[in-house]
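Number of protein chains: 2
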Amino acid sequence: MTYSEENYLKIIYHLSLNQAKGITTNAIASQMESKPSSVTDMVQKLADKGLVVYKKYQGVSLTDEGRFTALMIVRKHRLWEVFLLEKLDFSWDEVHDVAEQLEHIKSDKLINKLEEFLDFPTEDPHGDPIPDRNGKIAKVDKKLLSEIAAGKKVICVGVKDSSSAFLQYLDKQQIALGSTIEVMSKEDFDMSLTLKLGDKQVTVSNKIAANLFVKTI
Amino acid sequence: MTYSEENYLKIIYHLSLNQAKGITTNAIASQMESKPSSVTDMVQKLADKGLVVYKKYQGVSLTDEGRFTALMIVRKHRLWEVFLLEKLDFSWDEVHDVAEQLEHIKSDKLINKLEEFLDFPTEDPHGDPIPDRNGKIAKVDKKLLSEIAAGKKVICVGVKDSSSAFLQYLDKQQIALGSTIEVMSKEDFDMSLTLKLGDKQVTVSNKIAANLFVKTI
DNA sequence: CAAATTATTTAGTCTTGCCTAAAAAAGTTT
DNA sequence: AAACTTTTTTAGGCAAGACTAAATAATTTG
Ligand SMILES: [Mn+2]
Ligand SMILES: [Mn+2]
Ligand SMILES: [Mn+2]
Ligand SMILES: [Mn+2]
């Protein structure tokens, strides 16, 4: 498996979470920041190796083997993120890029020992569940903050976007995993939300709310 | 810098330690397990980038920039080896192959934080010195056990060959870094050595002795 | 439903890093 | 010093992974 094949599989896996079948060439290309024609080439190769099912013009889906392979990469990515945060004092907006490289290191012993060293964490720094060595991954029950009705109280459990810009914004607003958020009101005009965080009140745009995962208390 | 360019630089650096100038195409090819013609291609590219000095038929040597780059790779390799041994319970014969991959991860913050996490180690598990972040590396004073005269007492400080086979042999003979070794006698016929290790005596071939670094007490 | 638009694949190139075979330079013999 | 051997470079090619431009299929629209 090359570095590149692994990145494709991981992206196809992530796209599959929202949209069950037929991941399109275009969707993959935009995630990979490459071109649809390049995706066609690669997807044909992955199909030859039995990692995806592909029929011309029908998009792709992962085979069981492809899904397992993708999960092992996600596993490595998230365990390394925990390592960087917990052991090396990285902040949650710095871990992703380095994990993007570390996820390709090939050694079962390494990743299993790392998991043990970290004391078998179940979530990464962004609230995403970590697959176990058999590819089993917890299904988390979470909603977007933008879908929560005014008056409800929720707990922040994850982020949809893990870009530095977004995470640093959350830091600035003192929103972290585990924070309690009360939706005070929703503005009809632009769907912005006024939130109560501890003892202070902030207003956030719908775009912010649509990238924050919460669970109802 | 690609993965491949980094491996070339590291090999040229290691070859430079024994033989000051004009590292030959053949020497590099045999270390890279590739062909002299491939080396010529790569060495020309490295020369274009200003990392080596190369003149046809004269071999190559590192420029200051090439040497620094190589030292940063060696630094990462050795720090990762320490991490694997100390934190993840790898044995000294298992660390090299994984470090061979980890040495290519690009992040200054990562390697500097890792160094701090490991408490600024000065040596890797094979007794080799770890360059600091400025490329400064300790010059270690060591001799091969095969060069030690009968009757002398020495301390094991490193290995020349870090293959699994050799390191496991040393484990079996209970020779580790720091072990005291007394050369009892040398056999003229095959240059094998009889050693006193603690309270027991063992005989080792010249090939073994030529791969063990020691310092005189 | 035919035309226009959009999505996708195919065809043809490019770069990187490798290879083999052949040519040329360097080194060694006699 | 010429002949032979070894080392090194050059020439030509291949596979992976990307790209652009062109062709074709699918979808949307009037
Ligand atoms: Mn990646
Ligand atoms: Mn994450
Ligand atoms: Mn390497
Ligand atoms: Mn080492």
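Sequence order for the protein chains is A and B.
Numbers 546 to 762, taken from our numbering, label the letters of the first sequence in order.
Numbers 546 to 762, taken from our numbering, label the letters of the second sequence in order.
Every residue, glycine too, gets a C-beta built ideally from N, C-alpha and C.
Chain-ordered chain A contacts of residue i [CB-CB under 7 Å]
i	result
SER652 of chain B	VAL643
ILE689 of chain B	The sequence as given places Leu at residue 689 of chain B; Ile does not occur at that position. In chain order: nothing, as chain A lies at least about 32 Å away.
PHE662 of chain B	LYS632 and LEU633
LEU712 of chain B	Result: empty, since nearest Cβ-Cβ is about 16 Å, beyond 7 Å.
LEU647 of chain B	ILE650
LEU596 of chain B	What LEU596 of chain B touches in chain A: nothing, since even the nearest Cβ is about 22 Å away.
Backbone CA spacing between residue i and residue j [nearest angstrom]
i	j	result
ASP638 of chain A	SER707 of chain A	7 Å
VAL759 of chain B	SER709 of chain A	50 Å
LYS741 of chain B	LEU633 of chain B	33 Å
LYS745 of chain B	VAL728 of chain B	12 Å
SER582 of chain A	GLU660 of chain A	38 Å
MET617 of chain A	GLU578 of chain A	23 Å
ILE573 of chain A	ALA615 of chain A	14 Å
SER724 of chain A	GLY672 of chain A	12 Å
VAL597 of chain B	SER561 of chain B	12 Å
LEU655 of chain A	VAL747 of chain B	35 Å
SER730 of chain B	GLN713 of chain B	24 Å
VAL640 of chain B	TYR553 of chain A	29 Å
LYS705 of chain A	MET546 of chain B	32 Å
TYR602 of chain B	ALA694 of chain B	40 Å
LEU624 of chain B	LYS658 of chain B	11 Å
LEU591 of chain B	PHE613 of chain B	14 Å
PHE665 of chain A	SER652 of chain A	17 Å
LYS752 of chain A	GLN564 of chain A	21 Å
ASP593 of chain B	ASP593 of chain A	39 Å
Top-ranked residue by Cα proximity to residue i, from the options
i	options	result
GLY703 of chain B	B:LEU715, B:ALA695 and B:LYS697	B:LEU715
GLY611 of chain B	B:HIS671, B:SER730, B:ASP686 and B:HIS559	B:HIS559
GLN646 of chain A	A:LYS654, A:LEU629 and A:GLU661	A:LEU629
ILE556 of chain B	B:ASN571, B:LYS566, B:ALA695 and B:GLN576	B:GLN576
LEU663 of chain A	A:ASP673, A:LYS698, A:GLU626 and A:LYS651	A:GLU626
ASN756 of chain B	B:MET729, B:ARG678, B:PHE711 and B:SER724	B:PHE711
THR739 of chain B	B:ILE568, B:ASP642 and B:LEU690	B:LEU690
ASP735 of chain B	B:SER750, B:ALA695 and B:GLN603	B:SER750
LYS566 of chain B	B:VAL588, B:TYR599, B:ALA592 and B:GLY680	B:TYR599
LEU722 of chain B	B:ASN563, B:VAL699 and B:ASP733	B:VAL699
GLY696 of chain B	B:LYS658, B:ASN679 and B:ILE762	B:ILE762
ASN679 of chain B	B:ARG620, B:ASP733 and B:GLN718	B:ARG620
Residues near residue i in its chain [Cβ-Cβ closer than 8 Å; skip 5 each side]
i	result
GLY595 of chain A	THR608, GLU610 and GLY611
ILE720 of chain B	CYS701, ILE726, LEU742 and LEU757
PHE635 of chain A	LEU629 and VAL643
MET587 of chain B	SER549, GLU550 and TYR553
GLN718 of chain A	LEU742, VAL747 and VAL749
Contacts that residue i makes with chain A (C-beta to C-beta distance below 9 Å)
i	result
LYS658 of chain B	LEU629, LYS632, LEU633, ASP634 and PHE635
LEU738 of chain B	Chain A residues near LEU738 of chain B: none, gap ~35 Å exceeds 9 Å.
LEU757 of chain B	Those do not exist, as LEU757 of chain B stays about 27 Å from chain A at its closest Cβ, beyond 9 Å.
LEU616 of chain B	Going along chain A, no residue has its Cβ under 9 Å from LEU616 of chain B, so there is no contact; the nearest lies around 20 Å.
Same chain, Cβ closer than 6 Å to residue i, neighbours up to 5 away in sequence not counted
i	result
HIS622 of chain B	ALA644 and GLU648
ILE650 of chain A	none
ALA754 of chain B	LEU690, SER691 and LEU738
Contact set between residue i and chain B, taken where Cβ atoms lie within less than 7 Å
i	result
LEU624 of chain A	Here the premise fails: no neighbours, minimum Cβ distance about 12 Å.
Other residues of its chain near residue i: CB distance less than 7 Å, five sequence neighbours each side excluded
i	result
PRO674 of chain B	THR667, GLU668, ILE682, ALA683 and VAL685
LYS764 of chain B	No statement about residue 764 of chain B is possible, as the shown extent of chain B runs from 546 to 762 and does not include it.
ASN571 of chain B	PRO581
ASP677 of chain B	none
ILE568 of chain B	ILE557, LEU560, SER561, GLY604, VAL605 and SER606
THR585 of chain A	THR570
PRO670 of chain A	GLU626, VAL627, LEU630, TRP637 and VAL640
GLN820 of chain A	No information on residue 820 of chain A is available, as it lies outside the stretch 546 to 762 that chain A covers here.
ASP733 of chain B	none
Ligand 6 heavy atom lying under 7 Å from the CB of residue i
i	result
GLU639 of chain A	Among the ligands present in this structure, namely ligand 1, ligand 2, ligand 3 and ligand 4, ligand 6 is not found.
9 Å Cβ cut-off: residues of chain B touching residue i
i	result
LEU560 of chain A	Under the 9 Å cutoff, chain B gives no residues; its nearest Cβ is about 26 Å from LEU560 of chain A.
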